[in-house]
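Shown next, in structure tokens, is the structure this report addresses.
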Amino acid sequence: MISSIVKWKRRLRRKISRTRWVARLLNRDLSAPHGDDPGLIILQIDGLARTQLEQALQDGRMPFLKKLVDRGHFEERSFYSGLPSTTPAVQAEVMFGARCAVPAFQFLHRESGKTALMYDQEWAKRIGQQLAAEHQPLLEGGRSYSNIYAAGAVESRFCAETMDADNLREMTRPWKLAIVACLYFFTILRVLGLAILEFFIAVGDMIRGLVGRQPWRAELHCIPSRIGVSIVMREWLRVMLKLSIEEGAPIIYANFLGYDEQAHRRGPGSDFAHWGLKGIDGVIRDVFKTAHKSDVRDYEVIIFSDHGQQQTAIYENETGVTIQRAAERAFDAGPLAGRKVRGLDDYGTRGPETDQRGRRLLRMKRGRTEAPQATADELANDVIVTALGPLGHIYLPVELSVEEKRDYARRLVDAEHVPLMLFRGAHGHLEAHNPLGSWKLPEDAAQVFGPDHPFLAEAVGDLMRLAEHPDAGDLMVSGWSNERLPSTFVHENGAHGSIGSEETRGFALVPHAIHLHHRRDAKGERYIRGVDLYRGAWGFAHPERPLTKQHDHAAALEPSAMQAEQSPESAHHLKVMTYNIHSCIGIDGKIRPERIISVIRSCRADVIALQEVDANRQRSRGHEQARMIAEALAMSHHYYAVSDWNGEQYGLAIISRYPLEHIQSGHLTPVDHAHRSEARGALWVKLATPAGVVNVINTHFGLRREERQRQAAILLGDDWLGQIPAGEPIILCGDLNDGPKSLVCKSFGRRLVDVACRLPNHRPRATFISTMPLRRLDYIFASEHFTVNAVRQPRTPTAKLASDHLPVCAELQLRLPDLAAAQETRRE
């Protein structure tokens, strides 16, 4: 009944939805039927390091995201960008599973002799097509917005690879513009207000630029692109994402550029950079709620950043010369003396990379410049230097010996104060030179990266792989220093692309429904990288099509192995969960065992008592739900069919990461057709925990008061709880269909403790109905052998949808004296 009401409300919402009206105006396909197939939305916040995310959450800059994190909706992980730590490289790994696809954001393409700039359509398209030919694109059949690559998407907007604006042209018809303006009148007012505010901020930056003797034309040209990237594109992404959700796209990937733009200019921790995060948080909130109300698919949302940013010093300001001029002076002696040094960077007239990319995405010709190109003669005779950021490449016209490269690297470090030089040495080593000395990688990684680098072992491997890229320079120049503030070779206060500890450390907020392979750093912290996200997202979005190409990834960490090594003290802790799963039929009518699994994972319970569990029933697609859930969690289970209709079963299950022994199961009361009461039963197992044996009983009581009291009396009698010795620990879980002050709960309270009432300063919360909890029906009772350490109730968006009940989770601790007494009782 509740599901029917929810579905009716959703149908009504869809009929009056302005998003659907706009979709019809744009001739979008809205023919997808009601369904519960999985759908995935990946939202990338470009350039936001995990450190900056945590600061933004603490400062209240992203209130909606903080609420989701605090409620345990996501697994929160560090995201290692790989090298180079730039969007083209990271998106190649996330979208195709390919590491180190490009050597930098800008580089010399040796085969063609052209300057490759990855926000140019020519190069984004060339690299994207090459990746698609060698790997399986993640976004097949999906949508790609504001990214570098289309990655197999049937629709890609604002992407460097496609650069089209079909929807913009479609919207220029006057009558459609008028209707959309009416539908989004207040939204347009908000965007205009934000644009005006951003305009004044940009004017202030322009004035500071003029004071700093920057070209006034370049500063003036930056204003419209900043408004476009930070405000207009963000709001346009909101609309495009919601349209794609209404269509039922199987996978959607969108990238928010606003923070990265501001962080490049003012620094990653600046107030102005963080100011834009609140607007991004608002779009995430809108998209998230639209996705969870979709009737077409069961969407999950991943939020992550591809890389972070380092606060940097500008090399030119520190040394008085550009990196190109420094290279000229360094190469003025030795075997390359007399050769010209040709720089491929003209950064001063272009402005930050996001400004130029924004101009291309928004089709703004004014202020847009093209990447400089070297002539054939220059390629054959000159030293070519390109360093668009903190990582650059030097291409030599002739082959030099290792000793000659070493000499030039020392000159650049010692005389020109370049923080770090790298080149391929002998015997497969990568040589590094910094002010501390000369080093060989991988052996001396700590002296180059710093001993506290969060991804030391993996980053050194990626750096060696990067040096072997066919388009990498003969010498690589980096602004990274573990002794002082890192440098960048262009005019920016925040930078990324090199090997720094912040620029390589993004974040990933991944819902529990998506199972990822994890890695561990030297301190034991779990993290992921692009290829792990690629494999996990592929498995969720394309479950019927396994990957045909094997990718390097971390060893799988099964849920049961996540807590493998326990201290003697933690061995006495037991996390218990009770959950009426409503046959895995959500409040929206969708049959999704994956939602139940996601909610259970969020609690990290050791033992789970489930009620209303189907097996082989038509209404739930014939799933054996207990087995399905247990296998997904890599746990043991026991199922008891309270009711059986010619093989279609309905009953109780206990799932445990510890070995369990079935003791007893049976009816408490049989079917009563006269009162329309179904059979009710109980399931009793013993768990072999590290602390000893624990009795666990799971039950589900009836709807009438008289039958509940009778069921409680039987369960407390000699056939069930009455035959358990007083010295043995007991946990009783279940949906009692009765309130905490009822006779049923009071009768159990004479023998056991209601754990939700035992915890000081904890107020027990209602568990039914999940979307608007009004009554407390689900309980965990425990014997006096346990101390209650914590009680929680997941109220994530997934938990509210997955069933008509909310689960209850409790962390219990066996008291050691009671445990010793119980063991002595068993021996007697």
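Just so we're aligned: the sequence shown equals residues 245 to 1072 in the numbering used here. Glycine included, C-beta positions come from ideal geometry on N, C-alpha and C. On a predicted model such as this, the values are computed, not experimentally measured, just so you know.
- The shortest CA-to-CA distance from G717 to any of L666, Y389 and M821 is the one to L666.
- Assignment of M720 by DSSP, reduced to helix, strand and coil, places it in the strand class.
- In the DSSP assignment, V334 is bridged to no other residue.
- Secondary structure at Q380: coil, using DSSP grouped into helix, strand and coil.
- The Cβ atoms of F340 and P277 lie no closer than 8 Å to each other.
- Three or more beta-carbon pairs separated by less than 8 Å link the region 814-828 to the region 845-855, which places the two stretches in contact.
- Excluding sequence positions up to five before and after E922, its CB lies within less than 7 Å of the CB of S887 and V915, all in the same chain and listed in chain order.
- Residue pairing by DSSP leaves D525 without any beta bridge partner.
- About 11 Å separates the Cβ atoms of V565 and V662, ruling out a contact at the 8 Å cut-off.
- Taking all protein chains in view, the Cβ of W889 is surrounded by fewer than 16 other Cβ atoms within 10 Å, so the residue is classified as exposed.
- Within the model, the alpha-carbon separation for V527 versus F751 is close to 18 Å.
- Between the region 756-776 and the region 479-492 there are fewer than three C-beta pairs closer than 8 Å, too few to call the two in contact.
- Annotation: the region 654-742 contains the following complete segments of the beta strand (DSSP E) (minimum length 3 residues), in chain order: 664-668, 674-678, 681-685 and 719-722.
- Spatial neighbours of D525 in its own chain (CB-CB distance under 6 Å, excluding positions within 5 residues in sequence) are listed in chain order as M306, F308 and L309.
- Residue state for L1018 is assigned as coil, using DSSP reduced to three classes.
- Under the three-state reduction of DSSP output, C344 falls in the coil class, being neither helix nor strand.
- The beta carbon of A397 sits closer than 7 Å to those of L383, G386, R387 and S388, all from its chain and outside the five residues before and after it, given in chain order.
- For C989, the enclosing alpha helix (DSSP H) starts and ends at L987 to G993.
- For E544, there is no enclosing alpha helix (DSSP H); the residue is found in the beta strand (DSSP E) stretching over R541 to F548.
- In this structure, DSSP gives K649 a helical state, which the three-state scheme calls helix.
- Straight-line measurement puts the Cα of R871 at about 16 Å from the Cα of V843.
- When rounded, the separation of the alpha-carbon atoms in E337 and K793 is 14 Å.
- With respect to the 8 Å criterion, T630 and L352 are classified as neighbours on the basis of their beta carbons.
- A distance of 8 Å or more separates the beta carbons of G283 and I547.
- Looking at the backbone, the Cα of R728 and that of P512 are separated by about 17 Å.
- Closest in alpha carbon position to L375, among I392, L361 and D364, is I392.
- According to the DSSP assignment, I567 belongs to the alpha helix (DSSP H) that extends over I567 to A574.
- For M306, the secondary structure class from DSSP, reduced to helix, strand or coil, is coil.
- One thing to note: E746 has its Cβ within 8 Å of the Cβ of G552.
- Annotation: the continuous beta strand (DSSP E) that includes C1053 extends over V1052 to L1058.
- The three-state secondary structure of Q553, taken from DSSP, is coil.
- Per DSSP, the continuous alpha helix (DSSP H) segment holding A517 begins and ends at D515 to W519.
- Looking at the DSSP output, K819 bridges to E1055.
- By the neighbour-count definition (other C-beta atoms within 10 Å, threshold 16), R749 is a buried residue.
- Taking a 10 Å sphere around the C-beta of V642, we find fewer than 16 other C-beta atoms and assign the residue as exposed.
- The three-state secondary structure of W928, taken from DSSP, is strand.
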